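Following: one structure in structure tokens, then a few remarks.
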Amino acid sequence: MKQGYDGSEEGGGPHRSLNFRRALMLGAAILIVRSIIVLYLEDQEQQRVIVDDIIFPVVNGLAALSLFRAARATRSQDERMYIAWAFFAVAQVLYALGDVLWSILEIGLKETPFPSIADGPYLSYYLLFLIGILLLPAPYQSTFERLKSLLDTGVVTIFAILIFWSFLIAPTVATLEESDPLANAIAVAYPVADLVLAFALIALIFRKIEHIAQRPIMLLAAGAIFLIVADSIFMIKALRGVYVPATLGDSFWLISYILAGLAGVLQVESAGVPVRASADRPSPGFTWPLYLPYVCAIFAYAFLIWSMEHEDVNLYIRQHHLAAGVGMIILLIVIRQVIAIKENTMLYAAAQHELHQRIASEREKEHLIKELEARTSEMERFIYTVSHDLRSPLITVSGFLGFLRDDIEKGAWDKVRKDLDIIESSITKMDRLLQDTLELSRIGRMMNPPEDVPFYDIVREALEQTSERIRSRGVSVSVAEDMPVVHVDRMRAVEALVNLIENSAKYMGDQSDPRIEIGCMRDGETVFYVRDNGIGIDPKNHQRIFELFYKVDNRTEGTGAGLAIVKRIIEVHGGRIWIESELGKGCTVFFTLPLSEKT
Ligand code: ADP
0 MKQGYDGSEE GGGPHRSLNF RRALMLGAAI LIVRSIIVLY LEDQEQQRVI VDDIIFPVVN
60 GLAALSLFRA ARATRSQDER MYIAWAFFAV AQVLYALGDV LWSILEIGLK ETPFPSIADG
120 PYLSYYLLFL IGILLLPAPY QSTFERLKSL LDTGVVTIFA ILIFWSFLIA PTVATLEESD
180 PLANAIAVAY PVADLVLAFA LIALIFRKIE HIAQRPIMLL AAGAIFLIVA DSIFMIKALR
240 GVYVPATLGD SFWLISYILA GLAGVLQVES AGVPVRASAD RPSPGFTWPL YLPYVCAIFA
300 YAFLIWSMEH EDVNLYIRQH HLAAGVGMII LLIVIRQVIA IKENTMLYAA AQHELHQRIA
360 SEREKEHLIK ELEARTSEME RFIYTVSHDL RSPLITVSGF LGFLRDDIEK GAWDKVRKDL
420 DIIESSITKM DRLLQDTLEL SRIGRMMNPP EDVPFYDIVR EALEQTSERI RSRGVSVSVA
480 EDMPVVHVDR MRAVEALVNL IENSAKYMGD QSDPRIEIGC MRDGETVFYV RDNGIGIDPK
540 NHQRIFELFY KVDNRTEGTG AGLAIVKRII EVHGGRIWIE SELGKGCTVF FTLPLSEKT
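As structure tokens, then:
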């Protein structure tokens, strides 16, 4: 093992597992050599005792050294981890000290080493080990998890108490003689100390062992298990008066010390390796501690039943104590289940909530995508229309430029003037198309903040702007009076109304009594309308007239952008627009607008 402690190899990459393997081999060698010696000295108890009195303190001392090195290596890594390992190291030193005192008493002074001064350090070991375990850094746990861990620990601890009491503590108490109280206390202290050690292991298991217990702690725990087994075998044999010192059975003690030493070596090697963050990687394989409380409950119950059917066997535990223990276990398990149910309900509710939120946001996303798709195809159509309609005046211009050249060469000045007129009007048309396109694109971007305006005021303003055309066509206009207050961009609303009124006046045909009626209907929803008794629109064109630059009759004046602009204005306000009309029977344009919240 000396080589394993070579400081120069500390943290060295390629030598890492070499140290551990060497230590392991040394441990195995010690175990084998001792076994051979013990077997060889089968009939010589005296000699065997001397051999053990030498081997045990030495191995224990080495283990303590190893644990100290482990503590030192852990120092820079984690404060709590370091303190825990320091406790393990001091505990092991005390145990080694106990061994040394024992050996001095037994082979040096030829005195009975039990009870003796050696028991002090021995017994301290168990307590320090427990403190070390409790000091190990605990991973984060929710309140529910902590409660469950606590209850699980409680169940297994009660079970351990029942077992230790029945088989070790109570039988020891039964053998005590009244003469020496100190000796009695020490005698009882050992099985109790083993129970403390068992509790340390239980605590380790339920403090989410998989997070804190890397392999070094596992080895340390294994060592503690061997110590409990060795102590128990010793005590049971001693109680029955069949214990023979320094036999193969005592190997368990030796194994326990070797495991402690190996744990130290492993810790030194792994100290340089960063500890994996527990949240990163849940270890689903490590679930057996979850079942442990139930296994204990079953065994405790079986034990109770067995004791009831074997009343003749002297059990050292009263049946009603056993029953009380089992009752406690059941109670704790019930509480644990209630907590688990509560936790599950909450987790389920949280999961449901999240699921609903996801579905909602998914729907919203789908909705947005559809909207986006609609917008995109609308935009494509728009671009197509604009470029198509802008081309036709351009083609006219370029065509007539050709004629113009010819006519100039021929000196046909009359024609030249006509060509120029046509070119000019084409350019004017193109300019109007461009202006309308610009106007349409501006609507969404350039909105004034919406305000509360009585719809009547909007109509009045629009009528003022169109008074010229209304008068010249001799149209009579009637406006309803009880119209609501709307919440709109005033300028845009007026713009829409102007377009509608102009259209009505424009498409009167040869109506001898031209009339325009502006009003609103309140049928659940408030719908405004502009109605005329003009030429009307064939139902097959009802959709198309809202398209940009669409005109039913190309000879009429206007670009065909008016209703597209109106529709856009209504839609940016969140409203809808449609028409009711038949050819020759007038036309009514209906639309909705947001109403003022105050009305
Ligand atoms: P423009 O009036 O510039 O031609 P609009 O987009 O305003 O363009 O109208 C598109 C077409 O719808 C018009 O060309 C016209 O044929 C038809 N229209 C619009 N309003 C009316 C109406 N009140 N009565 C009859 N037809 C109409």
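Taking numbering that gives the first Met the number 0, the leading residue of the sequence shown gets 0, the next gets one more, and so forth. Here a beta-carbon is modelled for each residue, glycine too, at the ideal position from N, C-alpha and C. Please read these numbers as outputs of a predicted model, since none were measured by experiment.
Asked                                                                                                                : Found
Pairwise C-alpha distance: residue 477 and residue 601                                                               : As displayed, the chain neither begins before 0 nor continues past 598, which places residue 601 out of reach and without an answer.
Where residue 130 sits in the DSSP three-state scheme                                                                : helix
Sufficient close CB pairs (3 or more, under 8 Å) joining the segment 317 to 337 to the segment 148 to 165            : yes
DSSP three-state assignment for residue 520, whether helix, strand or coil                                           : strand
Outcome for residue 352 when other beta-carbon atoms lying within 10 angstroms are tallied against a minimum of 16   : exposed
Validate contact between the segment 62 to 73 and the segment 40 to 50 using beta carbons, cut 8 Å, 3 pairs          : no
Neighbourhood of residue 132 by C-beta, 8 Å cutoff - its chain only, sequence neighbours within 5 removed            : 83, 199, 200, 202, 203
The segment 419 to 431 touching the segment 376 to 392, judged by at least three CB pairs closer than 8 Å            : yes
Span of the beta strand (DSSP E), counted from its first residue to its last, around residue 477                     : 475 to 478
Residue span of the beta strand (DSSP E) that contains residue 580, given as start and end                           : 576 to 580
Residue burial classification, residue 170 (beta-carbon count within 10 angstroms, cutoff 16)                        : buried
Buried/exposed call for residue 92, threshold 16 Cβ in 10 Å                                                          : buried
Which of helix, strand or coil DSSP assigns to residue 315                                                           : coil
Assigned secondary structure, residue 453 (DSSP; H/G/I helix, E/B strand, else coil)                                 : strand
Cβ-based burial, residue 375 [other Cβ within 10 Å; buried from 16]                                                  : exposed
Residue 486 (DSSP reduced to helix, strand or coil)                                                                  : strand
Which of helix, strand or coil DSSP assigns to residue 590                                                           : strand
beta-carbon residue 498 near the ligand ADP non-hydrogen atom, thresh 7 Å                                            : yes
Check whether residue 233 and residue 254 have beta carbons under 8 Å apart                                          : no
Among 205, 527, 592, 503, the one whose alpha carbon lies nearest that of residue 487                                : 592
Through-space distance from residue 134 to residue 74, alpha-carbon basis                                            : 14 Å
Cβ distance (whole Å) where residue 526 is taken to contact residue 485 below 8 Å                                    : With 8 Å as the limit, residue 526 and residue 485 do not qualify as a contact, their Cβ atoms being about 12 Å apart.
Between the CA atoms of residue 189 and residue 126 - distance to the nearest angstrom                               : 11 Å
Selected residue, minimal CA-CA separation from residue 432, among 512, 356, 116, 564                                : 564
Any non-hydrogen atom of the ligand ADP closer than 7 Å to residue 563 Cβ                                            : yes
Proximity to residue 483 [Cα-Cα], best of 547, 574, 541, 597                                                         : 597
Cβ shell of residue 516 (< 6 Å), same chain only, five flanking positions each side left out                         : 477, 530
Helix, strand or coil at residue 536 [DSSP, three-state]                                                             : coil
C-beta contact flag for residue 367 and residue 439 at 8 Å                                                           : no
Cα-Cα separation, residue 150 to residue 332                                                                         : 7 Å
Paired residues, beta bridge with residue 528 - DSSP                                                                 : 518, 589
Span separating the alpha-carbon of residue 319 from that of residue 161                                             : 12 Å
Residue 495 beta carbon less than 8 Å from that of residue 578                                                       : no
Own chain partners of residue 599 with C-beta closer than 7 Å, once the 5 adjacent residues on each side are dropped : Missing from the structure shown is residue 599; the chain here goes from 0 to 598 and no further.
Near the ligand ADP: residue 503 beta-carbon under 7 Å from a heavy atom                                             : yes
Residue 551 Cβ short of 7 Å to the ligand ADP heavy atom set                                                         : yes
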